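Chains as they are written, first to last, in our numbering: chain A, 1 to 273; chain B, 1001 to 1273; chain C, 2001 to 2273; chain D, 3001 to 3273.
Every residue, glycine too, gets a C-beta built ideally from N, C-alpha and C.
Predicted, not measured: the structure shown is a model, and the values here were computed from it.
This report concerns only the one structure given below.
There are 4 protein chains.
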Amino acid sequence: MPKFNFKDYEVYYEIEGEGRPILFLNGIMMSTASWNTFKNSVISSNTLVRVDFLDQGYSSRMDGITYDHNLQAELLHALIEHLELKHLTIVGVSYGGEVALRHALYYPKDVERLVLANAAAWTSNWLRDIGRAWNAVGKTLDGDAYYDLAIPVIYSSKFYQEKEEWMENRRKVLVPLFSTKAFQERMNRLVNSSESHDIRTEIHKIKHETLVISSLYDCLTPLCEQELIVKELKNAHHVILPHCGHASMYEDPLLFISLVLGFANAKDTKFVI
Amino acid sequence: MPKFNFKDYEVYYEIEGEGRPILFLNGIMMSTASWNTFKNSVISSNTLVRVDFLDQGYSSRMDGITYDHNLQAELLHALIEHLELKHLTIVGVSYGGEVALRHALYYPKDVERLVLANAAAWTSNWLRDIGRAWNAVGKTLDGDAYYDLAIPVIYSSKFYQEKEEWMENRRKVLVPLFSTKAFQERMNRLVNSSESHDIRTEIHKIKHETLVISSLYDCLTPLCEQELIVKELKNAHHVILPHCGHASMYEDPLLFISLVLGFANAKDTKFVI
Amino acid sequence: MPKFNFKDYEVYYEIEGEGRPILFLNGIMMSTASWNTFKNSVISSNTLVRVDFLDQGYSSRMDGITYDHNLQAELLHALIEHLELKHLTIVGVSYGGEVALRHALYYPKDVERLVLANAAAWTSNWLRDIGRAWNAVGKTLDGDAYYDLAIPVIYSSKFYQEKEEWMENRRKVLVPLFSTKAFQERMNRLVNSSESHDIRTEIHKIKHETLVISSLYDCLTPLCEQELIVKELKNAHHVILPHCGHASMYEDPLLFISLVLGFANAKDTKFVI
Amino acid sequence: MPKFNFKDYEVYYEIEGEGRPILFLNGIMMSTASWNTFKNSVISSNTLVRVDFLDQGYSSRMDGITYDHNLQAELLHALIEHLELKHLTIVGVSYGGEVALRHALYYPKDVERLVLANAAAWTSNWLRDIGRAWNAVGKTLDGDAYYDLAIPVIYSSKFYQEKEEWMENRRKVLVPLFSTKAFQERMNRLVNSSESHDIRTEIHKIKHETLVISSLYDCLTPLCEQELIVKELKNAHHVILPHCGHASMYEDPLLFISLVLGFANAKDTKFVI
């Protein structure tokens, strides 16, 4: 279990394969294991780096500690130095994309290219209050209620319907987890760590080549949030997945990983047309 | 308090003004009072008819009774006969639009034109499970949690943010209500009455001139649901409100009532171009 | 033939019916006759006012004269004074919408509400060069070439295909017209009068309640142009017609006239929600 | 100059680099040279194969010969056999994408994956008549008129405006070419070869993993055309470029080549999520 020390905490990471490194940053409910399905694809051409944020997976639990995205961004900086990653592409999904934006802003030399999937430059009142509902229901330890609250909204209705059997299996796996105090305490802190997120006035300083992935049916970080990012970033490239919800990486995994690897590995970034 | 008897129940309605009648059907959390702001606009040219569905507003509570949309559609038929409404336009929002579709299918002669705002032809697994989350949280009588669960998702994030003060007032009004057993029992039954809703294979039989209003940021009845309706209906006219969420009637009231009154009162429906 | 004198020119107009007046402004190839199909609908509730711009229909030909939108906007001002129109709604389609914007900017008291369908706040290089193609082909007096150049692009591909017979009739009517020097000289000047159109930096001053109608498949004034207008105008209300092209008034006439009459006649414009 | 004989004709092609082959198929006005800017990117990981269709670039002129997409698809089959290409990805832009669809339908074993950018499954009346305008103006040998007719409509208005200088250079290069009989005769035949294109009832038989690239501002093969393809194809993956027009490959070259290389080189196509 590869870990490194960051401040008083342990951070779990995985590094596999060879070639230009790609660091995958988890959404709020994800962990390093969430990327397993993409492992073969990534290591066929790149070094795959994964990390659990504080309060995720095998990284330290933050019982009794209040923190925000800044701490997670510092953690990334420390990890990148620790692993001596060069020519790095960072791929961040939702929460991970939000930390990736902040990290790129404060540590611009750490990273060469960015892929932001279903992320936002700030936590609006709207998203804040949705998060508060999650936390309130989480505290009841009613796993079924939490599932019905937090899971459908992650997917497009089309995917949720077509993958009925798969969703039912997800329910069987997730409800017991959602019913535990341990899980809910971590989720609570992770949600709280996002409340203050707002770098709208600063992101124009990010000059990295950036791929911005939106989904038409994203009900957590809706299209207007990615449009805001694209409008501010000098080197943004924007795609919309018209059939997906917030969890584009699971809803069309081939398309997701094609976008990531294509963008991370593009030899040239400027073209004479 | 005008009421009429329908089967064993009392149904509350209001009828005001003169001219071609327009019957407004409430969304699931609404009541006849929800249309007050539009009263002046409607009665300046039309007869305004409002009704509380069973388990809404001043209509009968259905304690201990299981029902579905069919009963609400029958209720509409009885109301229209009772009031002897002719050349009627029915405007249904969300739940109301879904009952309106069913009613138009089974009682086509009752109605001349339809306006469906943010409605769907069926309850997908996705929407069903969202409803189950509402019911689970409702049972806890935690009004704040219920608000954070059910209210943000009704609005576009843009509206929710820009109307911060108004939303905080909504919270003050709604949280006490959401904390009552009486409200939650009715909401629970209304949500349950929608679970079996599915008229996808039948709606092609609806031949009425129909205005279908979609919102780009509708997170309960997303755009694909209205596209499905438009594809099936012979005489559908489709508009998308690119700045709104599920509650388009509150998010852009002038646009909403313009659409309704313009469509209800259009003298011709066929044009030689 | 009602005409009035404006500077050295004659301006043809029609005024019919009673009630709050609505002035319809033609697109570049249209004339007062283009609104005939809507006459019954409009005069059932409103005073219908139509006008041919200079170089359109029965208004003066501008042989040898160079002009721009300012002159057409002055003409509107003179017409409104001449007819003593009060509480006026102006509905402008494409070219007509562009003149309507300029007129509202310079003569704000002339008008109460605006409806802009498929219009833009400026003539981009892109639209300028499309106009130049029209003029170049116009000069050849090859009516079929002009038709194939200028007509398909006005409609959505869906409408053009579904209305095959109607389009073929349009061809029979329009090709002889497009083959005349008289028509082409006027079109040439009208196109040229638009080249300098650019009020992007000023339109934020327009405070009128404004309905902005966009079409998803508008290939002359694409969606981004109406988004620009909506972003600048304080009181804009935006709808997208997802099935239409540039000629939304012909592609869905019931929807178009419902939007116009609903918005023009809405009693209230502010709502307490 | 590598050529091979196909029936009575010479076909020009280029093959460079190593690795899984990617065959790029030109849009109607393009040639093998149009892909030069992507050469470095492609050959860094793949074998780059380019080909001029009949009547394009260095391939045979078809003076006096009538043909359709079937002949171009046969040509592809012959080329693939000639070069013994295995595990092939075909990338087709517009005309090239349309031939690619037909080729995949009739020679499914030739190809493993498909990328279709801004292509359609048929030539609607609408697109047919636009093509006829091109041909009519082409015959006049007025290069400027042809440019204004055919070039703006290829790009989004945003790109056309922002790249003002680049567009003016394009004009200088293209107008002389557009003024030649040789170019116009070839374009005329290429346009005519597309008129009969319609494989809407057959494309559901295509089972290849297919990436479908749409642009929101595509005024030649609008979004609805790619939606039609996606609806029919079993293994379609759909992205929309919200800032681009028909020429997405030039408007966002980094995004275009990322999509192509990412999709062509994805190791897995099925994922256990």
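Drop a sphere of 10 angstroms on the beta-carbon of residue i, count the other beta-carbons inside from all chains shown, and report buried for 16 or more, exposed for fewer.
i                : result
V2099 of chain C : buried
N3036 of chain D : exposed
A1182 of chain B : exposed
E251 of chain A  : buried
S3214 of chain D : buried
T1066 of chain B : exposed
E3168 of chain D : exposed
H3204 of chain D : exposed
S1034 of chain B : buried
P3253 of chain D : buried
G3097 of chain D : buried
G3064 of chain D : exposed
E3164 of chain D : exposed
For a contact meaning CB atoms closer than 7 Å, what does residue i contact in chain A?
i                : result
H3246 of chain D : The premise fails here: H3246 of chain D is roughly 14 Å from chain A at the closest Cβ pair, so nothing lies under 7 Å.
T3037 of chain D : F271, V272, I273
K3267 of chain D : N40, S41, S44
L1190 of chain B : In chain order: nothing, as chain A lies at least about 17 Å away.
From this set, the options, which residue's C-alpha is nearest residue i's C-alpha?
i                : options                            : result
S31 of chain A   : A:D52, A:I203, A:G17, A:H237       : A:D52
L211 of chain A  : D:P3222, D:E3202, D:L3241, D:H3208 : D:L3241
E3084 of chain D : D:M3001, D:L3023, D:H3243          : D:L3023
T1180 of chain B : B:G1143, B:F1256, B:C1224          : B:G1143
A1266 of chain B : C:Y2013, C:I2043, C:P2021, C:E2016 : C:I2043
W134 of chain A  : A:S34, A:N188, A:H237, A:L255      : A:N188
H246 of chain A  : A:G262, A:T269, A:I229, A:L216     : A:L216
H2237 of chain C : B:C1224, B:L1255, B:P1222, B:E1225 : B:L1255
N1005 of chain B : B:R1020, B:I1080, B:K1086          : B:I1080
L1233 of chain B : B:F1271, B:L1190, B:L1141, B:L1101 : B:L1101
T3140 of chain D : D:Q3184, D:I3090, D:Y3160          : D:Q3184
D2068 of chain C : C:E2195, C:N2040, C:L2076          : C:E2195
I273 of chain A  : D:P3002, D:L3228, D:F3159, D:R3186 : D:F3159
W3286 of chain D : A:F271, A:N125, A:C219             : Residue coverage of chain D in this structure runs from 3001 to 3273, which leaves residue 3286 of chain D outside it and unanswerable.
What in chain D is Cβ-close to residue i, meaning under 7 Å?
i                : result
P2152 of chain C : W3126, D3129, I3130
Q2056 of chain C : Within chain D, no residue comes near Q2056 of chain C; the closest Cβ sits about 23 Å away, beyond 7 Å.
H204 of chain A  : Here the premise fails: no neighbours, minimum Cβ distance about 17 Å.
Would residue i and residue j qualify as a contact pair, given that the criterion is a beta-carbon distance under 8 Å?
i                : j                : result
L127 of chain A  : V137 of chain A  : no
P319 of chain A  : I1130 of chain B : One cannot answer for residue 319 of chain A here, as it falls past the ends of chain A, which runs 1 to 273.
L259 of chain A  : S3094 of chain D : no
A3121 of chain D : I3199 of chain D : yes
L88 of chain A   : I206 of chain A  : no
R132 of chain A  : H208 of chain A  : no
E2014 of chain C : R2061 of chain C : no
T47 of chain A   : E18 of chain A   : yes
D2987 of chain D : L3190 of chain D : Residue numbering for chain D in the displayed model covers 3001 to 3273; residue 2987 of chain D lies beyond these limits and cannot be assessed.
Output, in chain order, the set of chain D residues within a Cβ distance shorter than 9 Å of residue i.
i                : result
L2182 of chain C : The sequence given here has Ala at residue 2182 of chain C, not Leu. Correct list: empty, because the minimum Cβ distance to chain D is about 21 Å.
Using a cut-off of 9 Å between C-beta atoms, extract the partners of residue i located in chain C.
i                : result
Y3217 of chain D : C2219, P2222, L2223, C2224
Y1250 of chain B : F2271, I2273
I believe residue i touches residue j by the beta-carbon criterion, under 8 Å. Please report the beta-carbon distance rounded to the nearest angstrom.
i                : j                : result
V1175 of chain B : Y1155 of chain B : Contact flag wrong, Cβ pair sits at about 16 Å.
L1071 of chain B : G1092 of chain B : So it is not a contact: roughly 16 Å between Cβ atoms.
Y3058 of chain D : Y3107 of chain D : So it is not a contact: roughly 24 Å between Cβ atoms.
A119 of chain A  : T221 of chain A  : 6 Å
Can you pull the chain C residues whose beta carbon is under 7 Å from the beta carbon of residue i, in chain order?
i                : result
A1119 of chain B : Correct list: empty, because the minimum Cβ distance to chain C is about 16 Å.
T3140 of chain D : T2140
Can you pull the chain D residues whose beta carbon is under 8 Å from the beta carbon of residue i, in chain order?
i                : result
E209 of chain A  : L3254
L2241 of chain C : In chain order: nothing, as chain D lies at least about 13 Å away.
Give me the chain C residues within the contact set of residue i, using Cβ-Cβ distance strictly less than 8 Å, ordered along the chain.
i                : result
P1021 of chain B : The premise fails here: P1021 of chain B is roughly 17 Å from chain C at the closest Cβ pair, so nothing lies under 8 Å.
Q3161 of chain D : S2124, N2125, W2126
Closer than 8 Å by beta-carbon distance: list the chain A residues that pair up with residue i, in chain order.
i                : result
K1158 of chain B : C224
If you measure from the CB of residue i, is any heavy atom of the ligand NAP nearer than 7 Å?
i                : result
Y2013 of chain C : This structure lacks the ligand NAP, and indeed carries no ligand of any kind.
Taking Cβ-Cβ distances shorter than 9 Å, what residues in chain B pair up with residue i?
i               : result
V212 of chain A : Correct list: empty, because the minimum Cβ distance to chain B is about 17 Å.
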